[in-house]
Every structure is written in C-alpha cells, then in structure tokens.
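Quick notes on the structure that follows.
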Amino acid sequence: MRIGVVTFPGSLDDRDAARAVRECGGEAVALWHGDADLKGVDAVILPGGFSYGDYLRCGAIARFAPVMDVLVPAARGGLPVLGICNGFQVLTESHLLPGALIRNDHRKFNCVDQRLVVENASTAWTSDFETGQEITIVLKNGEGGFVADDKTLDRLEGDGRVVFRYVTDAEGRNPNGSYRNIAGITNKRGNVVGLMPHPEHAVEAGYGPSLDGRGFFTSIIKQTLESAANA
Amino acid sequence: MGSIVVDVMLKPEILDPQGQAVGGALPRLGFDGFTDVRQGKRFVLTVDGDVTDEHLTAAREAAETLLSNPVIEDVVSVRALDDDAPPAGGDAEDGEK
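This is the structure in structure tokens:
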C-alpha cells in the first residue's frame, strides 16, 4: 500500500502526512511538485502549508505544477486523493472539487482542536468512520471559509457530498465562516476528498487532541488492499 | 514596451473580509462617508513592442485561467494600458499645490 505525498514549494505538513501514513501501516512515497510522475502510488495526499506563499490565491499556482498535470486526470479516473487544508484549496482551484476557500470571516488565523461530524462515511478516505460520528482533530488556517453558490451547495447536500461539518459554538458559529458549516466535501465518485482540518496531526498518542485522524489513513489502506484482493 | 491591465474583483455575493477590514479603518481616520469597501486585484502584464490583439486575447485567457478563480471572482476588465496616461489613471502630475 503506497501513498504518495506531494511536496510543493511552501508545503509544511508533508512530513507529518507521510509519518501518519507510516503510523497507520502504509508506505509513504515522496512526490515532487516539479515531476509529472506519480510513481505508481495507490493514493495521493496533497498536504497543508502555504504552497507558493499563498500568492495570488491559496492553491492557485500549485494547481499548475507539473505533478498536477498527471494527478488531475488520474483523480478523474478514480485514484483516491485527499487534500488537507492547502491541499483542499489546491483541489478546488483544480476544479476536482467545487467551491472555493476564502479568508476566515473573522480575519484571524485559527489554531484549535476542532470537533467535526462525519456526514459521509462511504468515501475512500472515511469508510472507517460511522455516519454521524463526532471526531476532534486540529484546525489551523487563515483562509478556510468554504464558499460556493446556493445551487452548488444544494447539489452537494442533495448528493451526500458534504463529508464533514463543523460542530458550531454556543452562538451557532463555525470557526471560519464556512457556508452551511461545511468542513470537507467529496467528488461524485467519492475518491477525492478535501477538508480544512488536519487528520495527520491526530494519529499518535501524546501528540494532538485525539487519535481520530487515524481513520482517514486506515480507511484508504483497507480499501486499497480490498480492491487489490478483488482485482 | 506595452502593458495590459487586468482587473479582478470578488463576486458581489462573496464575503470580502479584507474589504471589511479596510472599511472598518476608514471612519477612524475621519472618512465616514463610505458605506462599504470591496478590495480587488490589478495585474499589469508587460509585452515587447506594442500591445496587439493577440496579446489581448492571450491576456484574457490568462485572466480566466490563472489570474482569477471564476468560482469566486469576476474579471472586470482586460485592456491595453495607454502609454500617455499615468498608471494610476489619476492626475498625479497635477497634484502639486
């Protein structure tokens, strides 16, 4: 089970993502933004950070990196891809996922242990969770407000493509102004998932708020092993 | 050497926290007549020689693919910068008292 982790200039959490893959029993394969080569991996993680300094728009320049030229068609063909934080922004800029991420409505950078509700436990990356399950992982971003037009939001909800929702505070507010409290979404096929919070920071006892992040990595490892067994 | 100016704005329905921050600061400086501020982006693309229709076509394509995100932004204008006009479009030279 080989999971590629892409490093862009300005990626920060690529090493943590690779470590999380190994902690959960997979083999992490380093992928480089400048190489149009996925090295035959079974799945790909686009990690958090500030690719290209977040210049222009978050993820906008990373979208046109050589590795994306091969990743976008592979993802459309069914390759499992997880975009975390900046990786989620890259996925929306690539139009693999709808909507966009804009500056937090309160204009401050967030760094909190965030409660989420799993809304869809049937994607490639969430099958080890249960629908309705509450998990707590780290959220840290300045531009995490998920926006889309009403039609797109209705379609996402109608198709069950909202994968995670923020648990709101006492005033009913989510941490960044995301429309309909959306923290993560998936594509129609369920192989591409993007979310702002960071599962890779919650996989090891003593580090992070929980071990809830492990489910992302065990889900994909199990699914890949099963599909290999059935092939 | 010619230049093309591309102006990009957030769509009206998209929240603009940066514009709000600027809008919140203006009254503190005594500018209290502005009810809203929206912040946009301007790109100046420079070419060798004069700006041609081909340059403008390429600039429009660049504006739609990289310079803006059509999900949240509108390309407001793509136009050749007039050499005779000051870049800001204002009367900077006449500002002296």
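Residue numbers (our numbering), protein chains in the order written: chain A, 1029 to 1259; chain B, 17 to 113.
No residue lacks a Cβ here, since even glycine has one placed at the ideal position from N, Cα and C.
Computed from a prediction, not measured in an experiment: that's the story for all the values here.
Contact check, residue i vs residue j, beta carbons under 8 Å
i, j, result
"Leu1223 of chain A", "Val1191 of chain A", "yes"
"Ala1230 of chain A", "Gly1218 of chain A", "no"
"Val87 of chain B", "Ala75 of chain B", "no"
"Val1118 of chain A", "Gly1111 of chain A", "yes"
"Leu1239 of chain A", "Arg1193 of chain A", "no"
"Gln1142 of chain A", "Pro1037 of chain A", "no"
"Thr1265 of chain A", "Asp1042 of chain A", "The first residue shown for chain A is 1029 and the last is 1259, placing residue 1265 of chain A beyond what the model contains."
"Gly1205 of chain A", "Leu45 of chain B", "no"
"Gly18 of chain B", "Val63 of chain B", "yes"
"Trp1153 of chain A", "Val1095 of chain A", "no"
"Val24 of chain B", "Glu89 of chain B", "yes"
"Glu1121 of chain A", "Asn85 of chain B", "yes"
"Ala1064 of chain A", "Val1098 of chain A", "yes"
"Leu1181 of chain A", "Arg1201 of chain A", "no"
Reduced DSSP category for residue i - H, G, I as helix; E, B as strand; rest coil
i, result
"Gly106 of chain B", "The predicted position of Gly106 of chain B is uncertain, since its pLDDT is 46 and thus under 50; no value can be drawn from it."
"Gly1205 of chain A", "coil"
"Val1033 of chain A", "strand"
"Phe47 of chain B", "coil"
"His1134 of chain A", "coil"
"Ser1247 of chain A", "helix"
"Glu1199 of chain A", "coil"
"Lys113 of chain B", "Because Lys113 of chain B carries a pLDDT of 41, less than 50, the predicted location of this residue cannot be relied on, and the following value inherits that uncertainty. Note: Lys113 of chain B maps to coil in three-state DSSP."
"Gln1001 of chain A", "What the structure shows of chain A is the stretch from 1029 to 1259, and residue 1001 of chain A is not part of that stretch, so it cannot be assessed."
"Val1049 of chain A", "helix"
"Gly1038 of chain A", "coil"
"Val1069 of chain A", "coil"
"Lys1216 of chain A", "coil"
"Lys1179 of chain A", "helix"
"Arg1142 of chain A", "As written in the sequence, residue 1142 of chain A is Gln, which differs from the Arg given in the question. In the structure shown, Gln1142 of chain A sits in a strand (DSSP, three-state: E or B)."
"Val1095 of chain A", "helix"
"Glu1254 of chain A", "helix"
"Asn1114 of chain A", "helix"
"Asp35 of chain B", "According to the sequence shown, residue 35 of chain B is Gly rather than Asp. Here Gly35 of chain B sits in helix by DSSP."
"Tyr1083 of chain A", "coil"
"Asp1156 of chain A", "coil"
"Ala75 of chain B", "helix"
"Glu1232 of chain A", "strand"
"Leu1125 of chain A", "coil"
"Leu83 of chain B", "helix"
"Glu1171 of chain A", "coil"
"Asp90 of chain B", "strand"
"Glu1147 of chain A", "coil"
"Thr1120 of chain A", "helix"
"Gly1241 of chain A", "coil"
"Asp52 of chain B", "coil"
"Arg1104 of chain A", "helix"
"Gly1077 of chain A", "strand"
"Glu1055 of chain A", "strand"
"Leu1184 of chain A", "helix"
Presumed contact (8 Å Cβ cut-off) between residue i and residue j, rounded CB distance
i, j, result
"Val22 of chain B", "Leu83 of chain B", "6 Å"
"Ala1102 of chain A", "His1061 of chain A", "In fact, because the Cβ distance is near 15 Å, the residues do not count as touching under 8 Å."
"Leu26 of chain B", "Val60 of chain B", "Not confirmed; about 20 Å, so no contact."
"Leu1074 of chain A", "Gly1115 of chain A", "3 Å"
"Glu1232 of chain A", "Glu1051 of chain A", "6 Å"
"Leu1253 of chain A", "Met1029 of chain A", "6 Å"
"Val1166 of chain A", "Gly1234 of chain A", "In fact, because the Cβ distance is near 14 Å, the residues do not count as touching under 8 Å."
"Val1049 of chain A", "Leu1059 of chain A", "In fact, because the Cβ distance is near 12 Å, the residues do not count as touching under 8 Å."
Exercise. For the 8 Å Cβ check, are there 3 or more pairs between the stretch 39-59 of chain B and the stretch 1066-1080 of chain A?
Worked result: no
Exercise. Looking at C-beta atoms only, is the number of pairs between the stretch 1131-1138 of chain A and the stretch 1234-1247 of chain A that lie closer than 8 Å three or more?
Worked result: The stretch 1131-1138 of chain A vs the stretch 1234-1247 of chain A: no contact.
Exercise. Any contact of the stretch 1071-1081 of chain A with the stretch 1156-1165 of chain A, i.e. 3+ C-beta pairs under 8 Å?
Worked result: no
Exercise. Quick check: the stretch 1198-1215 of chain A against the stretch 1141-1152 of chain A, are there 3 or more CB pairs under 8 Å?
Worked result: Yes, the stretch 1198-1215 of chain A is in contact with the stretch 1141-1152 of chain A.
Exercise. So does the stretch 1046-1057 of chain A actually touch the stretch 1078-1097 of chain A, counting three or more Cβ pairs closer than 8 Å?
Worked result: no
For this session: Report yes or no: do three or more beta-carbon pairs, one from the stretch 1172-1185 of chain A and one from the stretch 1118-1127 of chain A, lie closer than 8 Å?
Result: yes
Exercise. The stretch 32-54 of chain B: which residues have C-beta closer than 9 Å to a C-beta of chain C, in chain order?
Worked result: The chain labelled as chain C is not found among the protein chains of the depicted structure, namely A and B.
Exercise. Are the stretch 1189-1208 of chain A and the stretch 1088-1097 of chain A in contact at 8 Å, needing three or more beta carbon pairs?
Worked result: no
For this session: Quick one: which residues of the stretch 58-85 of chain B get their C-beta closer than 8 Å to a C-beta of chain A? List them in chain order.
Result: Leu82, Leu83 and Asn85
Exercise. Between the stretch 30-37 of chain B and the stretch 51-60 of chain B, are three or more C-beta pairs nearer than 8 Å?
Worked result: yes
For this session: Closer than 9 Å, Cβ to Cβ, to anything on chain B: give me those residues from the stretch 1080-1104 of chain A, in chain order.
Result: Leu1084, Arg1085, Ala1088, Ile1089, Arg1091 and Phe1092
For this session: Quick one: which residues of the stretch 1105-1131 of chain A get their C-beta closer than 8 Å to a C-beta of chain B? List them in chain order.
Result: Thr1120, Glu1121, Pro1126, Gly1127, Ala1128, Ile1130 and Arg1131
Exercise. Listed from N- to C-terminal order along the chain, which residues in the stretch 84-98 of chain B have their beta-carbon within a distance smaller than 9 Å of any beta-carbon of chain A?
Worked result: Flagged, chain order: Ser84, Asn85, Val87, Ile88 and Glu89.
Exercise. Taking any Cβ of chain B, which residues in the stretch 1158-1178 of chain A have a Cβ under 8 Å from it, in chain order?
Worked result: Gly1173, Val1175, Ala1176 and Asp1177
For this session: Can you give me, in chain order, the residues of the stretch 1205-1217 of chain A that have a beta carbon less than 8 Å from any beta carbon in chain B?
Result: Gly1205
For this session: Return the residues of the stretch 1131-1156 of chain A that lie within a Cβ-Cβ distance of less than 9 Å from chain B, sorted by chain order.
Result: Answer in chain order: Arg1131, Asn1132, Asp1133, His1134 and Arg1135.
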